[in-house]
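Q: Take the position in the sequence shown, starting the count at 1, then add 15; the result is the number in the numbering used here.
A virtual CB, placed ideally from N, CA and C, is assigned to each residue, including glycine.
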Amino acid sequence: MFEKSVECSKCGKLFPCDKVLSVCSECGGALLFRYDSDELTEKVSKDLLARRQKSFWKFIEFLPLSSQKSIVSLGEPYTPILRLPNTHDVSFKNLFIKDEGRLPTGTFKARGMAVAVSKLKELGIKRVAIPSAGNAASALAAYGTKAGMDVYAFMPKDVPTAILKESVFLGAKVYLVDGLISHAAKIVEKLGRKYGWFNLSTNKQPYRFEGYKIMAFEIAEQFDWNPPENIFFPTGGGEGIIGLWKGFNELKELGWIEKTPRLVLVQSSGCAPLVKAYNEGEAEVKKTWENADTIAAGLRVPHPYASYLILRALKETDGIAIAVGDEEILSSIKAFMKMGIYACPEAASTLAALRKLENHRILDTDENILLCITGNLMKYFDTIKLERDKVPLLDKDADSLD
16 MFEKSVECSK
26 CGKLFPCDKV
36 LSVCSECGGA
46 LLFRYDSDEL
56 TEKVSKDLLA
66 RRQKSFWKFI
76 EFLPLSSQKS
86 IVSLGEPYTP
96 ILRLPNTHDV
106 SFKNLFIKDE
116 GRLPTGTFKA
126 RGMAVAVSKL
136 KELGIKRVAI
146 PSAGNAASAL
156 AAYGTKAGMD
166 VYAFMPKDVP
176 TAILKESVFL
186 GAKVYLVDGL
196 ISHAAKIVEK
206 LGRKYGWFNL
216 STNKQPYRFE
226 GYKIMAFEIA
236 EQFDWNPPEN
246 IFFPTGGGEG
256 IIGLWKGFNE
266 LKELGWIEKT
276 PRLVLVQSSG
286 CAPLVKAYNE
296 GEAEVKKTWE
306 NADTIAAGLR
316 VPHPYASYLI
326 LRALKETDGI
336 AIAVGDEEIL
346 SSIKAFMKMG
356 IYACPEAAST
366 LAALRKLENH
376 RILDTDENIL
386 LCITGNLMKY
396 FDTIKLERDK
406 VPLLDKDADS
416 LD
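1) Between which two residues does the beta strand (DSSP E) harbouring residue 312 extend?
2) Does the region 326-339 come into contact with the region 252-272, if we say contact requires no fewer than three beta-carbon pairs (one atom in each stretch) closer than 8 Å?
3) For residue 393, count the other beta carbons within 10 Å of its own beta carbon; 16 or more makes it buried, fewer makes it exposed. Which is it?
4) Going straight from the alpha carbon of residue 378 to that of residue 246, what length do you get?
5) Given this structure, state the Cα-to-Cα distance separating residue 352 from residue 338, to the nearest angstrom.
6) Label residue 108 either buried or exposed according to how many other C-beta atoms from any shown protein chain fall within 10 Å of its C-beta, with 16 as the threshold for buried.
7) Please state if the CB of residue 122 and the CB of residue 389 are separated by a distance shorter than 8 Å.
8) Under a Cβ-count criterion, where at least 16 other Cβ atoms within 10 Å of its own Cβ denotes burial, should residue 309 be classed as buried or exposed?
9) With DSSP collapsed to three states, give me the class of residue 167.
10) Pick helix, strand or coil for residue 87, following the three-state DSSP scheme.
11) Comparing C-alpha positions only, which one of 126, 110, 292 and 347 sits nearest to residue 71?
12) State yes or no: is the C-beta of residue 49 within less than 8 Å of the C-beta of residue 18?
13) For residue 418 and residue 64, what's the separation of their Cα atoms in angstroms?
14) In this structure, what does DSSP give as the bridge partners for residue 190?
15) Starting from residue 18, follow its DSSP beta bridges and name the residues at the other end.
16) I need the straight-line Cα distance from residue 174 to residue 141, nearest angstrom please.
17) Just how far apart, CA to CA, sit residue 269 and residue 53?
18) Nearest-angstrom Cα distance between residue 168 and residue 145?
19) For the beta strand (DSSP E) containing residue 144, list its first residue and its last residue.
20) Given a cut-off of 8 Å on the beta-carbon distance, is the pair residue 170 and residue 148 in contact?
21) Taking the alpha carbon of residue 92 as the reference point, which residue from 20, 340 and 117 has its own alpha carbon closest?
22) With distances taken from CA atoms, which of 350, 357, 358 and 286 is nearest residue 370?
23) Would you tell me roughly how many angstroms separate the C-alpha atoms of residue 355 and residue 285, rounded to the nearest one?
24) Please tell me whether residue 22 and residue 55 are closer than 8 Å, where the distance is taken between their beta carbons.
25) Report yes if the C-beta distance between residue 197 and residue 318 is below 8 Å; otherwise report no.
26) Okay, do the region 204-212 and the region 27-42 touch, 3+ Cβ pairs below 8 Å being the bar?
27) Going along the chain, which residues of its own chain have a beta-carbon closer than 8 Å to the beta-carbon of residue 164, five neighbours each way excluded?
28) For a test of the three-state rule: what should DSSP assign to residue 303, helix, strand or coil?
29) Keeping to the same chain, check which residues put their C-beta closer than 6 Å to that of residue 293; ignore five residues upstream and five downstream.
30) Give the secondary structure of residue 384 by DSSP, where H, G and I count as helix, E and B as strand, and everything else as coil.
31) DSSP state of residue 113, grouped into three classes?
32) On the criterion of 16 or more Cβ atoms from any shown chain inside 10 Å, does residue 181 qualify as buried, or is it exposed?
33) Do the CB positions of residue 289 and residue 260 come within less than 8 Å of each other?
34) Should residue 366 and residue 386 be called a contact, given that it needs their Cβ atoms to be closer than 8 Å?
35) Less than 8 Å between the CB atoms is what I'm expecting for residue 98 and residue 111, so what's the real figure, rounded?
36) Work out the CA separation of residue 258 and residue 281 for me, nearest whole Å.
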């Protein structure tokens, strides 16, 4: 409705909004939609938004769709902000979570796929493919099937069983790959012309960012247009960080917020190429992370595409990148559960990172801190090991617990 161009984030080349786009044809950079902020402020106000139903789509003017009729929806809610109780084991006083696990398919990936599928349907795309650690594939399967598209999903062979079942039963043509997501991505790239699909890989098209940026819009409104000083986000491919950065920048251009939050990027120490690049002052990831291994499947991305844009988002928000170990993630999953929060391993890494940063005194204990719970634990219970024979077994006629 109000988009004016698509711009390469690397070389600045402009592209039309009404054409099917992937990456920059000149330099291979990631593409970003740009909007007419002056026209938007004339047509849309905070008061208008406040009167609308609390739905993902209440911000439709800020999305690259030509009509509400283009929307492919599975009933996306406006995900809640919850204040954490004082039992979270850290000294920070104002700690919140945003529970993205309440979205369709149980993860924040639904945001990107809802917008991407809606736009691609508008552009006439009938067949899509994706390399995925799991959740992006299941989200694409859900929305792509709803839109009548053929969905091809390529995932590492050790993808969590629940997500594999989900993707298959949602109607995707699923292929397991004997390797990592990077190997799956090469297959999607190599076979694209032969099978005629549109490649929806992370950061290799401008559409998914638009869904993720709506997180920033929701957060800003939920904090009365004064967003929290710090936002922790678990990061594999980096599209969530890019989406938040883009969304808060757009809100600042509109004059609706005064400052952008500091973005805290969290990775697993078993696969932390962005943290390594950040710590070494690099502008992008230069080498593929070797022997990537972590229980947080979504964080196992050895060489994220357009890493320069992720690191730019950190630099421009005075952000931080930190890695945590699998044992810390497991401990945080259990801590969240005791608070009644079902955080997937990726999301639990944010609490582990907060605990780690507490000792560094980088963050003010009085500042507002938001942990993004990017997915629901229900798909990942196999991650938490339990020795079944150590759980007491009662006789069917038991009359005592002794």
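A: Taking the coordinates as given:
1) Neither: residue 312 is in no beta strand (DSSP E) and is coded neither H nor E.
2) yes
3) exposed
4) 11 Å
5) 22 Å
6) exposed
7) yes
8) buried
9) strand
10) coil
11) 126
12) yes
13) Given a span of 16 to 417 for the chain in the structure shown, any question on residue 418 remains unanswerable.
14) 169
15) 50
16) 26 Å
17) 8 Å
18) 5 Å
19) 142-146
20) yes
21) 117
22) 350
23) 28 Å
24) no
25) yes
26) no
27) 132, 135, 136, 140, 141, 142 and 143
28) coil
29) 336
30) strand
31) strand
32) buried
33) no
34) yes
35) 5 Å
36) 15 Å
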